[in-house]
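Residue numbers (my numbering): 86 to 468. We put the beta carbon where it would ideally sit given N, CA and C, even for glycine. Keep in mind the model is a prediction, meaning the values are calculated, not measured.
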Ligand code: MN3
């Protein structure tokens, strides 16, 4: 593999730390920038190990502290949202891994695209909120958007070698179903943050784990898939697959279904996005079919977990509605984790914000951020 210069946004999170594990293994993956929201302790360790050109801490106060701590090195330390864009657009970078959580990933990703960087996309909010801007920019600047999300990586892997985009009939998007699969609406009322933070198959950050349990995550992934693979929302079918072994599939016009399977481990999708189109060896964690014995598939319960239906609606209507869906969820999950609202209220508040927001057909970046602020306020201010 040719050497790659990689900027890692969100290097102290789940995607970021696994990206660095891969870089540790493959010496021709050079880390040229690192950024974190506030975990300067780990960020300093990473900076001293990988010696990037730029390190950014979004929390400006902590950035100032880290600057002093790294004064003995040549590393440039930046802070704030602007610093995050600096980290994403470092001249030497050819690929940016966007492992940050939330809408904060949108602006630096757009900036990186405009500087001609390929994007290893782990931040789903980027496409959910600004898909129309991002895909257009990627086309204009001739850069690749390589999916890191395991489902989208699976779909991407399944269409390699496809003759024409018209041959895609359907996307089969798998969902683990989360920890509350099979529960009734009544049973959801007493769910605590601790219960929701236990995911059966995947080890992820708190926000994504809660989103998996409400199926909001699957909804965001539907909208993400719509943009990445230019398909209609109606042509994306969600399948509950409890084992998280079949990471998603594509059904073609001749009814052939091609899927990617593997052990539930984010390292493969991250590595594939970094080494694409090459496949490099991966140590351990092979898929043991015998251990699983059988794989199951089921219809999602969209009556109880209706956030998925809300996402579908948002994805179909488009405009700024997916931003409302996403930002209302970010605020609602925050309130839930702080013990301020109940578990069913997460979906209730998303629905409420979607009803209250003014629709914008083709929102600009500023209008996306305005929508974001409005949706959050609406959720936080509801008594
Ligand atoms: Mn996923």
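Straight-line CA distance for residue 117 to residue 207?
18 angstroms
Own chain partners of residue 161 with C-beta closer than 6 angstroms, once the 5 adjacent residues on each side are dropped
139
Which listed residue (127, 327 and 173) has its alpha carbon closest to that of residue 154
127
Just list the residues that DSSP pairs residue 334 with in beta bridges.
257 and 344
By Cβ distance below 7 angstroms, which residues in the same chain neighbour residue 438 in space, the five residues on each side in sequence not counted?
409, 413, 460, 463 and 464
Distance, residue 150 Cα to residue 213 Cα
34 angstroms
With distances taken between CB atoms, is the gap from residue 306 to residue 236 smaller than 8 angstroms?
yes
Tell me the rounded alpha-carbon separation between residue 98 and residue 340.
39 angstroms
Assign residue 431 to one of three DSSP states: helix, strand, or coil.
helix
Cβ pair count under 8 angstroms reaching 3, the region 212-232 against the region 105-116:
no
When you compare only the Cα positions, how much space is there between residue 195 and residue 222?
7 angstroms
Taking the alpha-carbon positions, what's the residue 401 to residue 133 distance?
46 angstroms
First through last residue of the alpha helix (DSSP H) which encompasses residue 132:
125-135
Got a sec? Which residues, its chain only, sit under 8 angstroms from residue 292 by beta carbon, not counting five neighbours each side?
186, 187, 415 and 418
Within 7 angstroms: the Cβ of residue 235 and any heavy atom of ligand 1?
yes
Bounding residues of the alpha helix (DSSP H) (the contiguous stretch that carries residue 453):
450-466
Please state whether the Cβ-Cβ distance between residue 182 and residue 93 is less than 8 angstroms.
yes
Any heavy atom of ligand 1 closer than 7 angstroms to the Cβ of residue 210?
no
Do residue 306 and ligand 1 come close, with the Cβ less than 7 angstroms from some heavy atom?
yes
Taking contact to mean at least 3 C-beta pairs separated by less than 8 angstroms, is the region 348-364 in contact with the region 319-326?
no
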